[in-house]
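**Q** One structure, pasted below without further comment.
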Amino acid sequence: MALRFPEGFLWGMATSAYQIEGAPDADGKGPSIWDSFCKVPGNIRNGESGGVAIDHYRRYRSDVALMRDLGVQAYRFSISWPRLFPEGDGAPNPAGLDFYTRLVDCLLEAGIRPFATLYHWDLPQALQDRFGGWQSRATAQAFARYAGFVARHLSDRVQDIITINEFRSFVDMGYQGLEVPVGGRTVRISLAPGLALDRRGLAQVRHHALLGHGLAVQAIRAEGRPGTRVGPAENVEVPIPVSATPANVAAARAALRDLNGPFLTPMLEGAYDAAWLAAQGADAPEVAPGDMEAIGAPLDFVGLNIYRPSAYVMAEDSRRGWRAMRLNPSHPQMDSAWHLLDPEALHWGPRLVHEVWAPTCLHITENGCAARDAPGTDGEVHDTDRLMYLRAACAALHRAIDAGAPVAGSFFWSAFDNFEWTDGLQRRFGMIHVDFATQVRTPKLSALWFRDSAHANAVL
Ligand code: IFM
C-alpha cells in the first residue's frame with residue numbers, strides 16, 4: 028500500500044540565485060563574493076562559474092511553466108542580495124526588485140506557492156570589502172535592512188520567507204574550510220570568501236550570522252504583512268541511533284543538541300549551550316546585550332536541509348551520554364564526495380528535532396543528491412540511482428511524520444541541474460536535466476516520479 032502524506036503536505040522544489048540565474052552584471056546588479064571567488068584560478072572545478080548557469084534570469088517564465096507541468100506545488104528560490112542592493116546597503120536597485128516581482132507573479136499565476144530565501148551565500152562584494160563580510164556585525168545589521176525591504180515589497184505575495192540558508196556551510200566552509208568525514212577519509216571543502224580564520228575569528232563569524240538571522244526575523248515582523256511566516260534553513264547535523272532502543276534514542280537526542288551547538292541549538296533555545304560555550308574557552312564569541320533575544324526570536328517554521336547522517340551514535344555512561352561510531356570506509360555514498368548515503372537521516376532528523384525542541388512547523392527545505400546523469404540515445408535521462416534514494420528518503424520522512432514530527436512540506440534539491448559551487452556545472456543535482464551548451468531542459472525519470480507522487484500525495 029502506498030504511503031500517503033497528510034492532507035495539504037507540500038511537494039516542492041528548490042534552487043538558489045547564484046546557482047541558476049546567470050546575468051551577474053545585468054540591470055544594475057552589483058558583484059557578489061561568488062562572482063569574485065569564481066575568478067580565482069583553481070577555486071572551481073574546470074574554472075567554471077555561475078556566470079551563465081541555466082540563464083534563469085532570462086528564462087524564468089518557461090522554467091516556471093515546466094515546474095507547473097511537473098506538478099510542483101511550492102518553489103523555494105533565493106533572492107540575490109546584490110541584485111537588490113548593489114552596494115549591500117543604501118540605495119536599492121529598482122530593476123532587481125522588478126525581477127523578483129515578475130518571478131513571484133509568474134509563480135502565483137502558475138499556482139505555485141513561493142518560498143523566498145534571503146541569503147543563499149551570495150554576499151554583496153561591497154560588504155566583504157568594507158567589513159570583511161560576516162566578520163563584522165555591520166553585515167548583520169545591513170542584512171536586517173535588506174530583509175525589511177524585501178518584506179515591505181513582497182510579503183503581500185510571498186508569505187513564507189527563509190532568512191539564511193545553511194549557516195554551517197557558508198560560515199565554516201567560507202571562513203575556515205571544513206573537513207567532512209566520509210567513510211575512512213575526510214573531504215575538505217572551502218567556499219567563498221575562501222578565508223582561513225582561527226578558531227576565535229570563526230566563532231565570531233558564526234555569532235554574527237546568527238545575529239543577522241535574528242535581526243532579519245525582527246525586521247520581517249516589523250515590516251512584513253501580518254501573517255508572514257519566517258524561519259531559517261539549516262543543514263542540521265543528524266545523529267542516527269545504532270539501534271532504536273530507548274537508551275540509544277535518548278543518546279541521539281543529546282547528540283543532536285551537542286552537534287548543532289554552533290547554530291540550531293542557540294537559535295531554538297535563545298542561548299548557547301553552557302557545555303558548548305565552556306568547550307570554546309577563550310575562543311567563545313563576544314555577545315552584545317540583546318543579541319541572544321534576537322537570535323532566539325520566535326519562528327513560524329524551521330527549515331531542515333538533510334542529505335546525510337552526521338554520525339551513528341549509541342548510549343554511553345558519560346557526562347554527555349553518547350558516543351559516535353567510526354564510519355566504515357566501504358559506507359555507500361552518492362556522487363558528491365561528501366554525500367554519505369543513508370535515507371534514514373530523513374526519519375531521524377525531523378523526529379529528533381521535534382522531540383528535542385518541539386517546533387510548531389518543520390519543512391524539509393532541501394533533500395536530494397547528485398548523480399552522473401546524461402541523456403541516452405532516446406534523449407531520456409534515466410536517473411535510477413536518484414530515484415532509489417529519493418523514494419527511500421521519502422518513506423523515511425513519512426515515518427518521521429507518523430512519529431509526530433510536524434513536517435508540512437518537502438523541497439527537493441534541486442529543480443534544475445545548476446552550478447554546484449566549487450564542484451562546478453557537472454555535479455548534477457537536478458530533477459530536470461540542463462544541457463549547459465544549448466540550455467535545453469529535459470525532465471529526468473526522478474521528475475516523473477515526483478509528478479506522480481505529488482499528484483497522489485504519496486510515496487509511489
Ligand atoms: O547545492 C547545494 C545548495 O546550495 C546548499 N545545500 C546543498 C546543495 C548540494 O550541495
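Residue 487, in my numbering, is where the sequence shown stops; the numbers in between run on with no holes. Here a beta-carbon is modelled for each residue, glycine too, at the ideal position from N, C-alpha and C. These figures come from a predicted structure and were not determined experimentally.
How would you label His374, buried or exposed, when you count the other beta carbons within 10 angstroms and need 16 or more for buried?
**A** By the 10 Å Cβ count, His374 comes out buried.
**Q** Decide if Asn73 is buried, meaning its Cβ has at least 16 other Cβ atoms within 10 Å, or exposed.
**A** exposed
**Q** So, helix, strand or coil for Met294, using DSSP?
**A** Residue state, collapsed to three classes: helix.
**Q** Between Glu371 and Ala53, what straight-line distance do the alpha-carbon atoms span, to the nearest angstrom?
**A** 43 Å
**Q** Run through DSSP, which three-state label would Asn120 get?
**A** In the structure shown, Asn120 adopts coil according to DSSP, grouped into three states.
**Q** Inspect the beta-carbon positions of Leu414 and Trp476 and report whether they are closer than 8 Å.
**A** yes
**Q** Name the residue from Ala281, Leu218, Ala301, Ile189 whose alpha carbon lies nearest to the alpha carbon of Arg248.
**A** Ile189
**Q** Tell me whether Trp440, by its Cβ, gets closer than 7 Å to a heavy atom of the ligand IFM.
**A** Residue side-chain check: Trp440 places its Cβ nearer than 7 Å to a non-hydrogen atom of the ligand IFM.
**Q** Can we count His147 as close to the ligand IFM, meaning its CB is less than 7 Å from some heavy atom?
**A** yes
**Q** Please report the straight-line C-alpha distance between His381 and Arg164, rounded to a whole angstrom.
**A** 31 Å
**Q** Look at Arg455 and Asp444 and say whether their C-beta atoms are less than 8 Å apart.
**A** yes
**Q** For a test of the three-state rule: what should DSSP assign to Leu475, helix, strand or coil?
**A** Shown here, Leu475 sits in a helix according to DSSP, grouped into three states.
**Q** Assign Gln453 to one of three DSSP states: helix, strand, or coil.
**A** coil
**Q** The beta strand (DSSP E) with Met40 in it runs from where to where?
**A** Here the beta strand (DSSP E) through Met40 covers 37-41.
**Q** Do the segment 298-317 and the segment 399-414 make contact, defined as three or more Cβ pairs closer than 8 Å?
**A** no
**Q** Alpha carbon to alpha carbon, how far is Pro312 from Gly283? Give it in angstroms, no decimals.
**A** For the sequence presented, residue 283 should be read as Leu rather than Gly. If I take the Cα positions, the gap works out to 21 Å.
**Q** I need the straight-line Cα distance from Gly39 to Ser437, nearest angstrom please.
**A** CA-CA distance, Gly39 to Ser437, rounds to 6 Å.
**Q** Rounded to whole angstroms, what's the CA-CA distance from Glu343 to Ser63? Just pull it up for me.
**A** 47 Å
**Q** Could you give the DSSP three-state label for Phe500: helix, strand or coil?
**A** Nothing can be reported for residue 500, as the shown portion of the chain is limited to 28 through 487.
**Q** Within the chosen definition, does the segment 136-148 reach the segment 99-114 through at least 3 CB pairs nearer than 8 Å?
**A** yes
**Q** Where does Phe142 fall in DSSP's three states?
**A** strand
**Q** May I ask you to report which of helix, strand or coil DSSP gives Asp20?
**A** This structure does not reach residue 20, given that the chain is present from 28 up to 487, and the question cannot be answered.
**Q** Sort His83, Ser196, Asp225 by Cα distance to Arg215 and report the nearest one.
**A** Closest by alpha carbon: Ser196.
**Q** Starting from the N-terminal side, write out each stretch of the beta strand (DSSP E) that is 3 residues or longer and does not extend beyond the segment 356-442.
**A** Contiguous beta strand (DSSP E) elements confined to the segment 356-442 occur at 389-394, 434-440, taking only those with 3 or more residues.
**Q** Here's the rule I'm using: 16 or more other beta-carbon atoms within 10 Å means buried, otherwise exposed. How should Thr42 be labelled?
**A** Thr42 is buried by the Cβ-count criterion.
**Q** With H, G and I counted as helix, E and B as strand and the rest as coil, what does DSSP make of His460?
**A** strand
**Q** Considering only the alpha carbon of each residue, which of Leu368, Arg256, Arg31, Leu205 lies closest to Val265?
**A** Leu368
**Q** Could you spell out where the alpha helix (DSSP H) holding Glu320 opens and where it closes?
**A** Unbroken alpha helix (DSSP H) run through Glu320: 318-322.
**Q** What is the C-beta distance between Arg347 and Ala306, in whole angstroms, given that I count them as a contact (C-beta under 8 Å)?
**A** Incorrect: roughly 10 Å between the Cβ atoms, too far for contact.
**Q** Is any heavy atom of the ligand IFM found at a distance shorter than 7 Å from the C-beta of Phe456?
**A** yes
**Q** Quick one: is the Cβ of Trp448 within less than 7 Å of any heavy atom of the ligand IFM?
**A** yes
**Q** Where do the N-terminal and C-terminal ends of the alpha helix (DSSP H) with Thr166 fall, by residue?
**A** 164-181
**Q** Please return the same chain residues whose Cβ sits closer than 7 Å to the Cβ of Pro208, not counting the five positions on each side in sequence.
**A** Excluding sequence neighbours, Pro208 sits near Leu354.
**Q** Could you give the distance in angstroms between the alpha-carbon of Glu114 and the alpha-carbon of Ile60?
**A** 12 Å
**Q** Have a look at Gly69, Gly395, Ala277 and flag the residue whose alpha-carbon is nearest the alpha-carbon of Met341.
**A** Ala277
**Q** Does the ligand IFM have a heavy atom nearer than 7 Å to the CB of Gln46?
**A** Within the cutoff, so yes.
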